[in-house]
Amino acid sequence: MPLRAKVATSVSKTAAALSRAAGRGDGSVIGGWIGLKIDPELLNHLAGGRAIALVSGTNGKTTTTRLTAAALEVMGRVATNSFGANMPTGHTSALAKAGSTPFAVLEVDEHYLARVIDATEPRVVALLNLSRDQLDRAKEVAMMAQLWRDALANHPDVRVVANADDPMVVWAAEGSGHVTWFSAGQRWHDDSFVCPQSGHPIERSGGDWWCAGCPLRRPQPQWRVEDEGVVDPRGDWHLVKLQLPGTVNLGNAATALAVAAEFGVRPIEALPRLATVSSVAGRYAQVDRDGRNVRLLLAKNPASWLEAFDMAEQAPTLLSVNARDPDGLDTSWLYDVDFSPLRDRPVLITGDRAYDLAVRLEVNGVAFRHVKTFDEAIQGVPAGRLEVIANYTAFQDIRAELDRVL
Ligand SMILES: [Zn+2]
Numbered sequence: 002m003p004l005r006a007k008v009a010t011s012v013s014k015t016a017a018a019l020s021r022a023a024g025r026g027d028g029s030v031i032g033g034w035i036g037l038k039i040d041p042e043l044l045n046h047l048a049g050g051r052a053i054a055l056v057s058g059t060n061g062k063t064t065t066t067r068l069t070a071a072a073l074e075v076m077g078r079v080a081t082n083s084f085g086a087n088m089p090t091g092h093t094s095a096l097a098k099a100g101s102t103p104f105a106v107l108e109v110d111e112h113y114l115a116r117v118i119d120a121t122e123p124r125v126v127a128l129l130n131l132s133r134d135q136l137d138r139a140k141e142v143a144m145m146a147q148l149w150r151d152a153l154a155n156h157p158d159v160r161v162v163a164n165a166d167d168p169m170v171v172w173a174a175e176g177s178g179h180v181t182w183f184s185a186g187q188r189w190h191d192d193s194f195v196c197p198q199s200g201h202p203i204e205r206s207g208g209d210w211w212c213a214g215c216p217l218r219r220p221q222p223q224w225r226v227e228d229e230g231v232v233d234p235r236g237d238w239h240l241v242k243l244q245l246p247g248t249v250n251l252g253n254a255a256t257a258l259a260v261a262a263e264f265g266v267r268p269i270e271a272l273p274r275l276a277t278v279s280s281v282a283g284r285y286a287q288v289d290r291d292g293r294n295v296r297l298l299l300a301k302n303p304a305s306w307l308e309a310f311d312m313a314e315q316a317p318t319l320l321s322v323n324a325r326d327p328d329g330l331d332t333s334w335l336y337d338v339d340f341s342p343l344r345d346r347p348v349l350i351t352g353d354r355a356y357d358l359a360v361r362l363e364v365n366g367v368a369f370r371h372v373k374t375f376d377e378a379i380q381g382v383p384a385g386r387l388e389v390i391a392n393y394t395a396f397q398d399i400r401a402e403l404d405r406v407l
């Protein structure tokens, strides 16, 4: 590495460590920011010499990154941004902190994918899904697909691992020379009912989909979820045992196996490592308190709320919604989510915007009770499982409260 990059790396690590010592989070954003100020090419330098996988999409990228990193550890040490700092500052910091490693798996915010591909020259890019996110900030879904498509067209040697079930992802990836398709399902269809190529409707039947007016259609996936396992490109079925709940995470595991296979890792080698992942940046974590087993699920946009309902057991469920800056300020997305799957279980609500949620649940015919604090929620349910589904800052609030008490 050039001297400037070495200095920038060292200062970046020091700044991150100071920030951690001061109790200001994991320091990866500030560390990366300072490093890039000293050497704007620092991410390029740090990426050099590593075989890299990038993971992007609206939902599931933190979990899929964690699973993919676990799978790649079969081959050697893996650098990863496991705390979800998924912009170039976070990538820079993660690589600086890890030192020299043969591999890296990086979660990438979908807006930054083109830039991070340019900087890191990855071997593999995994594309999970595209759906509406924070309404006051995110780009239109079709615009994002176009950005991805252009980025991949500029890098024809990159191997792409892409979700065959999402028409937006398929359109973004189909121009690429080397695509491996996986099927991880798509629960949320509302952002992909119009073909991004021709503007015609997307028709669906069972798991299949096709455009009514042009050749765009679902490609045959090489990797797919079947029952409690994953079928690989040779047609062999592998039982997947995860500590993470739901078929959504089976899909994430299928993606991780497909990405790892691009590096020469076989499913039989990777699967025991996937089974060791018990929580991802606090998500899916289970905490016992006063006889209640609390499980934390993060839901940050309409598609991920549907996924959380799929993961949650039939048990008392606490919903918490905030609308602070990281969440997006607009809560009208609540009306995009069908909360009726919660009708047959006790529902508690809390958070800054609990009253927005209350109106939505009332319209949806879901009975609920409002609680002011997390502690009140704990006391308000019987012993046993309490599922907690919260959006971003609400999730952080509840984690902090659990940490404080424990
Ligand atoms: Zn079309």
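According to this note's numbering, the sequence shown holds residues 2 to 407 in order. Just so you know, even glycine gets a beta-carbon here, dropped at the ideal spot from N, CA and C. Note that this is a predicted model, so its numbers are computed, not measured.
In this structure, G214 has its beta carbon less than 7 Å from a heavy atom of ligand 1. With distances taken between CA atoms, A86 lies nearest to E108 out of T65, L47, E108.
Between V117 and P89, the C-beta gap is smaller than 8 Å, which places the two residues in contact.
If you draw a straight line from the Cα of N155 to the Cα of N164, it is about 20 Å long. In this structure, M76 places its C-beta atom within 8 Å of the C-beta atom of V266.
The DSSP assignment places 287–290, 293–299, 318–321 as complete runs of the beta strand (DSSP E) inside the stretch 273–335, in order along the chain (cut-off: 3 residues).
Comparing alpha carbon positions, the residue from D119, I399, P202, Q147 closest to A213 is P202. In the displayed model, N365 falls within coil according to three-state DSSP, outside both helix and strand. Taking a C-beta distance under 8 Å as the contact criterion, D166 and A185 qualify as a contact pair. In the three-state scheme derived from DSSP, where H, G and I count as helix and E and B as strand, L217 is classed as coil. The beta-carbon distance between A300 and A309, rounded to whole angstroms, is 4 Å. This is short enough to meet the 8 Å contact definition. In this structure, V367 sits near R344, with a CB-CB distance shorter than 8 Å. In the three-state reduction of the DSSP assignment, F183 falls in the strand class, which pools E and B. Within the same chain, S321, V372 come within 6 Å of T351 by CB-CB distance, once the 5 residues on both sides are set aside. Relative to ligand 1, S199 has its C-beta within less than 7 Å of a heavy atom. For D376, the uninterrupted alpha helix (DSSP H) run begins and ends at 375–380, by DSSP.
Between the stretch 249–265 and the stretch 195–209, the count of Cβ pairs shorter than 8 Å is below three; the stretches do not touch. In the displayed model, G230 falls within a strand according to three-state DSSP. The straight-line gap separating the alpha-carbon atoms of L243 and T277 is approximately 8 Å. Classified as exposed, Y356 has fewer than 16 neighbouring CB atoms from the shown chains inside 10 Å of its CB. Only exposed fits V364, as fewer than 16 other CB atoms lie within 10 angstroms of its CB. Within the stretch 38–107, complete beta strand (DSSP E) segments of at least 3 residues are found at 52–57, 79–81, given in chain order. N155 carries a coil assignment under DSSP once its states are collapsed to helix, strand and coil. Cβ-Cβ separation between T65 and A80: approximately 16 Å, too far for a contact (criterion under 8 Å). Bounds of the alpha helix (DSSP H) holding S13 are 4–22.
Contact check for G33 against S20 fails: the beta carbons are separated by 8 Å or more.
For R116, the enclosing alpha helix (DSSP H) stretches over residues 114–121. Residue side-chain check: L148 keeps its Cβ at 7 Å or more from all non-hydrogen atoms of ligand 1. When DSSP states are grouped into helix, strand and coil, L240 belongs to the strand group. Per DSSP, reduced to three states, the secondary structure at P202 is strand.
Distance from the CA atom of A95 to the CA atom of E42, rounded to whole angstroms, is 15 Å. The residue among D289, L68, L240 with its C-alpha nearest the C-alpha of A384 is D289.
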